[in-house]
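Colleague: Right, I'll just put the structure down here and ask away after.
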Amino acid sequence: MIPAELYLLLSAALFCIGLFGILTRRNALVFLMSVELMLNAANINFVAFSLQHGNLTGQVFALFGMALAAAEVAIGIGIILVLYRNFSDVDVTKATTMRW
Numbered sequence: 001m002i003p004a005e006l007y008l009l010l011s012a013a014l015f016c017i018g019l020f021g022i023l024t025r026r027n028a029l030v031f032l033m034s035v036e037l038m039l040n041a042a043n044i045n046f047v048a049f050s051l052q053h054g055n056l057t058g059q060v061f062a063l064f065g066m067a068l069a070a071a072e073v074a075i076g077i078g079i080i081l082v083l084y085r086n087f088s089d090v091d092v093t094k095a096t097t098m099r100w
């Protein structure tokens with residue numbers, strides 16, 4: 001059986017990669033993928049702690065996290081399409097010019 005510490009290290013690595021992607025990239029697609037990495041890191045934590053404690057609560061929360069991620073992708077793709085239609089680019093810094 002794999003110890004929970006290895007799951008937590010994997011989760012921390014995924015979360016750090018996602019955070020790096022959010023802080024350094026301007027492309028909206030990369031931004032969405034980075035958010036997905038961070039949500040998957042949280043799901044790995046939920047499942048690892050569920051395994052460690054021997055109940056299914058963490059796995060249920062991981063399922064809700066996956067549903068949240070699917071909804072986030074649907075909304076994000078809509079925002080990206082509007083950005084591309086208005087600016088012919090998916091740079092998230094250009095969206096500040098859409099203010100009133």
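Note that our numbering has the sequence shown beginning at 1, numbered continuously upward.
Just so it is clear, CB atoms sit at the ideal spot from N, CA and C, and this is done for glycine as well.
What you are looking at is a predicted structure, and each value in this text was computed from that prediction instead of being measured.
1) Counting along the chain, where does the alpha helix (DSSP H) carrying A42 start and finish?
2) Would you list the residues sitting across from D91 in a DSSP beta bridge?
3) For the structure I just gave you, are there three or more beta carbon pairs, one from the stretch 34 to 51 and one from the stretch 69 to 77, closer than 8 Å?
4) Measuring only the C-alpha atoms, how far is G54 from G78?
5) Assign L14 to one of two classes, buried (16 or more other C-beta atoms within 10 Å of its C-beta) or exposed (fewer than that).
6) Just mark F46 as buried or exposed, buried being the case when its beta carbon has 16 or more other beta carbons within 10 Å.
Modeller: Here's the rundown:
1) Boundaries of the alpha helix (DSSP H) around A42: A28 to H53.
2) Answer is N27.
3) Taking a contact to require three or more Cβ pairs closer than 8 Å, the stretch 34 to 51 and the stretch 69 to 77 qualify as touching.
4) Those two C-alpha atoms are separated by around 40 Å.
5) Using a 10 angstroms sphere on the CB of L14, the tally of other CB atoms reaches 16 or more, which defines it as buried.
6) Taking every protein chain shown into account, the CB of F46 has 16 or more other CB atoms within 10 angstroms, so this residue is buried.
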